[in-house]
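Numbering follows the numbering used here, in which position 134 of the sequence shown is assigned residue number 507; successive positions increment by one, without gaps.
Even glycine gets a Cβ: it sits at the ideal position worked out from N, Cα and C.
This one's a predicted model, so the numbers in the text were calculated from it and none came from an experiment.
Working notes, structure below.
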Amino acid sequence: MPPTADQTIIDWTSANIADFGKAPLRLLHNMHTRPEFSESALARLLEGLGRDDYQLTTMDTASHDLRNWREGELGSLPGHDLLEAVKTGRIWILILGTDKLDPAYRELVHEIYAELRAHVPGFKTSREKMGILISSPNVNVYYHCDIPGQTLWQVRGKKRVFVYPNRAPFLPQATLERIALRETYEFMPYDPAFDADAMIFDLEPGQMLHWPLNCPHRIVNGNCLNVSFTTEHFTQSDRRTFFVNYANGVLRQRLGRQNLSRSIAGPTYWAKLGVAAAYKFTGQQKKRRKVVTVDFVVDPRSPGGVRPIPGYQVQR
Ligand SMILES: [Fe+2]
Numbered sequence: 374m375p376p377t378a379d380q381t382i383i384d385w386t387s388a389n390i391a392d393f394g395k396a397p398l399r400l401l402h403n404m405h406t407r408p409e410f411s412e413s414a415l416a417r418l419l420e421g422l423g424r425d426d427y428q429l430t431t432m433d434t435a436s437h438d439l440r441n442w443r444e445g446e447l448g449s450l451p452g453h454d455l456l457e458a459v460k461t462g463r464i465w466i467l468i469l470g471t472d473k474l475d476p477a478y479r480e481l482v483h484e485i486y487a488e489l490r491a492h493v494p495g496f497k498t499s500r501e502k503m504g505i506l507i508s509s510p511n512v513n514v515y516y517h518c519d520i521p522g523q524t525l526w527q528v529r530g531k532k533r534v535f536v537y538p539n540r541a542p543f544l545p546q547a548t549l550e551r552i553a554l555r556e557t558y559e560f561m562p563y564d565p566a567f568d569a570d571a572m573i574f575d576l577e578p579g580q581m582l583h584w585p586l587n588c589p590h591r592i593v594n595g596n597c598l599n600v601s602f603t604t605e606h607f608t609q610s611d612r613r614t615f616f617v618n619y620a621n622g623v624l625r626q627r628l629g630r631q632n633l634s635r636s637i638a639g640p641t642y643w644a645k646l647g648v649a650a651a652y653k654f655t656g657q658q659k660k661r662r663k664v665v666t667v668d669f670v671v672d673p674r675s676p677g678g679v680r681p682i683p684g685y686q687v688q689r
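Written out as structure tokens, the structure reads:
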């Protein structure tokens, strides 16, 4: 049920609001009780998805080898059968832009961001989005970073989240710039020695985690079906950081410049914005889309819930 007027989504009494966006912060929430995340609602959502509405992967859970991260298609099974395959298989589904697919989820995003604005001083955002993650027991999401501000909300099951500092060596500056330019994927080289500097959170239903912009992270599911969702956004500072990283990537790679300022204010920032705009909007950078090979379809009766099919390529 939606909360009554005096209920909030987040238990703000547990929050150290001064840490919001500055340090990884785990808070309590009640979104896991909403009907939009019931099994039947998720089954219905899965049945209506087009090819561009999701990413579906399987992976080797024992290694961190990107060659073992494979992409697949949902096929035409009923939603409940797809969920059954996730429960018993080795599958990770990300429903993209859920807020655009169904007004009920768009309303949830509006509620969440209205509450964040009301409780976090100076928090103003744009481009708010939601993605729903439905994933099998024990699957991994490999080490990566995201460009927008991110929050991970746990709805069902348990997962362990490792969050790393958003600086070198965990996040080399040149790598972040290439991700901003879409010249490389969000996945990054991972060294197990990084774990000594990670903050580790075991998320349960009704807990969410927000971390500072671009913090690398990786995720290991517990031995149970997991349902989570992400919300993402850009604050003004996030947007300026993106443009500076983008411009620095152009200057470093095209002009060989080094020791680039990361300032997001003053004349240096405005000059960088000019570089980014010139490169991004005058056609010097072609729209970069990722080409991926799809080589399996979901099948609850096959090992890992995936059945091989002849490979074909899709653009994302
Ligand atoms: Fe992520």
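Exposed unless 16 or more other CB atoms sit within 10 angstroms - verdict on residue i
i: Thr-611; result: Reading the sequence as shown, one finds Asp at residue 611 and not Thr. That one is buried.
i: Ala-553; result: buried
i: Tyr-685; result: exposed
i: Gly-647; result: exposed
i: Phe-607; result: buried
i: Lys-645; result: buried
i: Val-670; result: buried
i: Trp-442; result: buried
i: Asn-389; result: exposed
i: Ala-458; result: buried
i: Asp-570; result: exposed
i: Gln-609; result: exposed
i: Thr-431; result: buried
i: Gln-580; result: buried
DSSP bridge partner residues for residue i (one or two, in chain order)
i: Thr-608; result: Thr-498
i: Trp-526; result: Met-581 and Phe-602
i: Gly-595; result: Its beta-bridge partners do not exist; DSSP assigns none.
i: Ser-634; result: Beta-bridge pairing links Ser-634 to no other residue.
i: Gly-503; result: Note on residue identity: the sequence assigns Met, not Gly, to residue 503. BP columns for Met-503 point to Thr-604.
i: Val-670; result: Glu-446 and Arg-680
i: Thr-362; result: Residue 362 lies beyond the stretch modelled for the chain, which goes from 374 to 689, so this question has no answer here.
i: Ser-690; result: With the chain running from 374 to 689 in the structure shown, residue 690 is simply not present.
i: Asp-697; result: For the chain, the structure presents residues 374 to 689; residue 697 sits outside this window and is missing.
i: Arg-399; result: Leu-582
i: Phe-560; result: His-517
i: Gln-686; result: Thr-666
Residue i to residue j span [Cα, whole Å]
i: Leu-633; j: Trp-465; result: 38 Å
i: Pro-408; j: His-483; result: 16 Å
i: Ile-520; j: Trp-584; result: 12 Å
i: Ala-650; j: Ala-620; result: 8 Å
i: Thr-434; j: Asp-392; result: 33 Å
i: Gly-394; j: Val-536; result: 13 Å
i: Leu-429; j: Thr-386; result: 37 Å
i: Pro-510; j: Phe-560; result: 21 Å
i: Glu-444; j: Pro-676; result: 16 Å
i: Glu-550; j: Asn-618; result: 5 Å
i: Arg-424; j: Ser-508; result: 18 Å
i: Leu-422; j: Thr-641; result: 44 Å
i: Ser-436; j: Ala-491; result: 43 Å
i: Glu-420; j: Ser-449; result: 8 Å
i: Val-512; j: Val-623; result: 36 Å
i: His-517; j: Gln-380; result: 35 Å
i: Arg-613; j: Phe-496; result: 15 Å
i: Tyr-652; j: Ala-547; result: 17 Å
i: Pro-376; j: Ser-636; result: For Pro-376, the predicted structure reports a pLDDT of 49, less than 50, and the residue's modelled location is therefore unreliable. The matter cannot be settled from this model.
i: Val-664; j: Leu-506; result: 21 Å
Could you give the uninterrupted runs of the beta strand (DSSP E) lying entirely in the region 444-481, keeping only those of 3 residues or more? 465-468
Sufficient close CB pairs (3 or more, under 8 Å) joining the region 527-546 to the region 588-602: yes
Counting Cβ pairs, one atom from each stretch, are 3 or more of them under 8 Å apart for the region 572-579 and the region 621-630? no
Touching by the beta-carbon criterion (3+ pairs, under 8 Å), the region 452-469 and the region 404-419: yes
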